[in-house]
Every structure is written in C-alpha cells, then in structure tokens.
Amino acid sequence: MSDEERDIDIESDASRAQILKKAADYIEFMRRKNSAHQQDIDDLKKQNNLLETQIRSLEKTKYTGNFAAMTSSNVLLGSKGSALMEFDGSGSDTSDSETLNSLRRKKLKT
-18 MSDEERDIDI
-8 ESDASRAQIL
2 KKAADYIEFM
12 RRKNSAHQQD
22 IDDLKKQNNL
32 LETQIRSLEK
42 TKYTGNFAAM
52 TSSNVLLGSK
62 GSALMEFDGS
72 GSDTSDSETL
82 NSLRRKKLKT
C-alpha cells in the first residue's frame, strides 16, 4: 500500500468518524427536543383537563344556582399554582370568555 493510499484511508476513517459524531449529536439534540415537546403536550393535557373540570363546575352552578359548588376560595388554580379563572358570580360573561381566550394562547418554543 502506498503512502497516498494510506492517507486516503486515514482521511476516510476520519470523515466517517466525523459523520458518526455529527449524527450522534443530532440524535441527542432531537431526543432533547422531543422530550421538551412531550413535556409541553403533557402540560397542555393537564391544562385541558383542568379547563374541562372548570367548565363542568360552571355549567353545574349555572343550572343549580349553587355557587358553593365551586372551590371554597372561588378561585380555580392551575397545576403551577397560578389563578386560571376567578369566579365570584358578579362578573360578566365577556370577562370569563376573555380569560378563556387568553388561556388558549400558549407561547410556542422554537
């Protein structure tokens, strides 16, 4: 084997190693990205379940007139402890719908 053939073979091995390294890095990057997306999906599912529970509670109070059916503090809290909706019986339907509309907007990670 000549020196030129050995140099080409070494360069080929180095090139393959670089390609494999970049592929492994990309796979790891995509796994992290998928994990972050899955966490976002899980968070949105929890938020959706909470909102569905709130809707059922509001519909129940609408038909029964029993505002005590809501939480004891009249504030329904999200999974992160923030107030998602406050209901004291004195607000208008527009403020409730504005609150729900603002909840529908979620910043997407890019």
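Position one of the sequence shown corresponds to residue -18 (this note's numbering), numbered consecutively onward. Note that the Cβ used here is the ideal one computed from N, Cα and C, for glycine as well. From a predicted model like this one, the values you see are computed outputs, not experimental measurements.
- Task: Would you kindly work out how many angstroms separate the C-alpha atoms of L31 and F10, rounded to a whole number?
- Result: 32 Å
- Query: If you draw a straight line from the alpha carbon of K27 to that of Q(-1), how long is it in whole angstroms?
  - Reply: 42 Å
- Query: Expressed to the nearest angstrom, what Euclidean distance is found between the alpha-carbon atoms of R(-3) and A4?
  - Reply: 10 Å
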